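Reading through the structure tokens given below for one structure.
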Amino acid sequence: DVKVTQSSRYLVKRTGEKVFLECVQDMDHENMFWYRQDPGLGLRLIYFSYDVKMKEKGDIPEGYSVSREKKERFSLILESASTNQTSMYLCASSRFNYGYTFGSGTRLTVV
Amino acid sequence: TQLLEQSPQFLSIQEGENLTVYCNSSSVFSSLQWYRQEPGEGPVLLVTVVTGGEVKKLKRLTFQFGDARKDSSLHITAAQPGDTGLYLCRGSGGSNYKLTFGKGTLLTVNP
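Written out as structure tokens, the structure is:
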């Protein structure tokens, strides 16, 4: 069964901490994405990557960075966590412009 | 501003009723995808429609892509409580990955 695996389902971090969210896919997909999902705002794209070491800003990249050192792994980094980054974070992968396979999400709370 | 507008935003119905939800845009897409998201989980791809006027069926779910490839509808026949979830549409085409999801229709099917 093909999978996108996110390292944590729930995380609680303190304001100012550096936070790493990890995502691994086993489908050899070129594209990987990080979204956040908030009530009333829908899915908003933070960053995406279409190849190893390549990254592109999405709709809301401020306060975030990403790393893709290997094709199967895409990491989202919150450089200095703030309370307005409390959200559900979803990782997805796809082949070219086909449909996405999502992970189960990480619910991050910043206190 | 999202490229895709979904309606209605919320829908609550009784088991056995039929329903239709809509996904509209002023943009033309090369394909359109529908996803269902259950609480606390990531969205799951239901279908991709590619050709204008295309109709696809998935058990009691019928998906249609508009002739001009700007809009789509999802019809559920004899809804069941297991159909409860957030239904999201996404338009794709070219290399633009931003603002491609609608905000979703939250469907509740009551027993």
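Protein chains in written order, with our numbering: chain A, 1 to 111; chain B, 1001 to 1111.
A virtual CB, placed ideally from N, CA and C, is assigned to each residue, including glycine.
Please read these numbers as outputs of a predicted model, since none were measured by experiment.
query: Residue range of the beta strand (DSSP E) that includes Thr-1020 of chain B; result: 1019-1024
query: Boundaries of the beta strand (DSSP E) in which Phe-96 of chain A is found, first to last residue; result: That residue, Phe-96 of chain A, is in no beta strand (DSSP E); it is neither H nor E in DSSP.
query: Phe-20 of chain A, enclosing beta strand (DSSP E) - first and last residue; result: 19-25
query: Sub-7 Å separation of His-29 of chain A and Ser-94 of chain A beta-carbons; result: yes
query: DSSP bridge partner residues for Val-1071 of chain B (one or two, in chain order); result: Residue 1071 of chain B is actually Asp in this sequence, not Val. Asp-1071 of chain B is bridged to B:Asn-1024.
query: Distance, Val-1055 of chain B Cα to Thr-101 of chain A Cα; result: 22 Å
query: Beta carbon proximity, Leu-76 of chain A to chain B, threshold 7 Å; result: no
query: Buried or exposed by the 16-neighbour rule on C-beta atoms within 10 Å, applied to Gln-6 of chain A; result: buried
query: The segment 34-65 of chain A: positions lying closer than 7 Å to chain B by Cβ; result: Gly-42, Leu-43, Leu-45, Phe-48, Gly-58 and Asp-59
query: Residue burial classification, Pro-1043 of chain B (beta-carbon count within 10 angstroms, cutoff 16); result: buried
query: Interface residues of chain A facing Lys-1133 of chain B [CB-CB closer than 7 Å]; result: As shown, chain B starts at 1001 and ends at 1111. That puts residue 1133 of chain B outside it, with no answer to give.
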